[in-house]
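Chains as they are written, first to last, in my numbering: chain X, 2 to 179; chain U, 17 to 84.
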């Protein structure tokens with residue numbers, strides 16, 4: 002299981018663990034293999050909760066403690082993460098930036114990965130945990146924001162692309178409760 | 017994000033409710049209820065596979081996956 006409820010563990014630098022998988026599954030497996038505390042949010046979370054929408058990137062909100070940022074940086078190195086730069090420059094994420102509450106739109110060898118400090122109305126890892134449920138993916142239990150949390154944070158974000166999927170998310174929630 | 021995944025594999029035995037049209041689409045907002053029910057019938061692993069299959073069907077250059 003890769004869900005970490007606390008950050009009491011001491012920082013641990015590990016060797017990069019390559020993933021045998023690719024795509025969303027490969028990125029998730031890599032984060033779990035490096036014991037990163039994170040929550041899957043966004044479109045992939047919606048799909049895992051049963052909403053029939055499409056997305057091309059994996060969005061995560063990570064715990065921003067120094068120990069977890071260290072683990073995340075090792076995982077990002079294993080994924081060959083760099084910023085999605087229209088000019089084609091290879092710009093690597095820095096730990097001090099990842100420790101902040103901004104959004105980092107990265108490209109990895111498992112596809113686009115958005116590392117988000119806060120989402121919605123400024124909610125971070127700790128606040129989102131109460132609306133998180135574990136989903137079994139392969140041999141791992143992966144923390145995923147539930148439909149209620151997705152609907153609430155997308156309403157708060159208020160962007161057109163977030164609002165566009167609300168009818169699907171709300172009907173999926175109704176169907177899953179019914 | 018923001019579009020329905022294609023409807024391949026849509027179940028044929030899921031009846032539309034009274035508030036839906038004959039094709040299972042919610043008349044108020046165009047949501048395909050039969051597709052939602054099909055997705056809900058899958059495991060999380062299977063749902064992720066559906067999404068990955070959709071993404072893999074899009075050429076990498078069109079979404080920047082091959083950027084170096």
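Every residue gets a Cβ at the ideal spot worked out from N, C-alpha and C, and that includes glycine.
*With distances taken Cα to Cα, identify the nearest neighbour of residue 59 (chain X) among X:107, X:174, X:88 and X:142.*
X:107
*Can you list, in chain order, the residues of its chain whose CB lies under 6 Å from that of residue 50 (chain X), leaving out five sequence neighbours each side?*
148
*Same chain only: Cβ atoms within 7 Å of residue 7 (chain X), ignoring 5 sequence neighbours per side*: Below a pLDDT of 50, predicted positions are generally treated as unreliable, and residue 7 (chain X), at 34, falls in that range; no measurement from the model is reported.
_Straight-line gap, residue 113 (chain X) to residue 74 (chain U) (C-alpha atoms, nearest Å)_ = About 14 Å.
_alpha helix (DSSP H) segment containing residue 49 (chain U), residue limits_ = 49-56
*Quick one: Cα of residue 59 (chain U) to Cα of residue 48 (chain U), how far?*
19 Å
*Determine the extent of the beta strand (DSSP E) in which residue 133 (chain X) is found, giving its start and end residues.*
133-138
*From residue 124 (chain X) to residue 53 (chain U), what does the alpha carbon distance come to, in whole angstroms?*
30 Å
*asked:* Am I right that residue 62 (chain X) and residue 42 (chain X) are in contact with their C-beta atoms under 8 Å? What's the rounded C-beta distance?
replied: 5 Å
*Buried or exposed by the 16-neighbour rule on C-beta atoms within 10 Å, applied to residue 33 (chain U)*: Note that residue 33 (chain U) scores a pLDDT of 48, beneath 50, so its modelled location is shaky; the value from the coordinates is reported in the next line. Label assigned to residue 33 (chain U): exposed.
*Rounded straight-line distance, which links the Cα of residue 122 (chain X) to that of residue 151 (chain X)*: Approximately 12 Å between the Cα atoms of the pair.
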